[in-house]
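Residue numbers (the working numbering): 1 to 204. Let me begin by presenting the structure, written as structure tokens, before commenting on it.
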């Protein structure tokens, strides 16, 4: 079962992917994780990607495609996988079609206004690495948590990311709609409600 989790940044793709990998025993492949690992290891592709990410822009296709192609060739992907954050452009989707077959594209639908609120409210503890939200999931005792906001979680950066998403990534949904592989899911509900619907969809 090869699945693409589709939606704007902050739509809840990562949260749902974690539930689905437990249910179907297939790996989650997040381009965000792949890119962050490459940046942390200061690889050639990682350093190139960092320049674009710091500016709030999408990483070029040739950089992302190279990393994803390597990941899909690993043994744990033989029985399927969940792609989270890829493909982000039609060119990437076309490339993906050449190396594998996508069974379903799950699109999480969340309004832009809610996305901004979700992302700008995120905070990370420098001490523990835990991720909080100042409205939905604040720390029990803020005095014990040295909270910081990621550079790409500011309102200006989020709006820029959403603009890039609408311009470059939304056409990918149309690409898969033509293949009758897309299922649109309301992403504004409680996570457990969304998970239940996704399991029903993928279990058919």
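We treat Cβ as the ideally placed atom computed from N, Cα and C, and that holds for glycine.
Does the beta-carbon of residue 45 have 16 or more other beta-carbons within 10 angstroms, so that it is buried, or is it exposed?
buried
Taking the alpha helix (DSSP H) that residue 92 falls in, what are its first and last residues?
90-99
Local conformation of residue 107 per DSSP, three classes
strand
Return the chain-ordered list of same chain residues with a C-beta closer than 6 Å to the C-beta of residue 87, the five sequence neighbours on each side being excluded.
93, 96, 172
Residue of 71, 105, 78, 54 minimising C-alpha distance to residue 7:
105
For residue 15 and residue 21, I'd like the C-alpha separation in whole angstroms.
11 Å
Going by the CB atoms, is the gap between residue 28 and residue 82 shorter than 8 Å?
yes
Residues in its own chain within less than 7 Å of residue 114 by CB, not counting five upstream and five downstream?
188
Backbone secondary structure at residue 102 - three-state DSSP
coil
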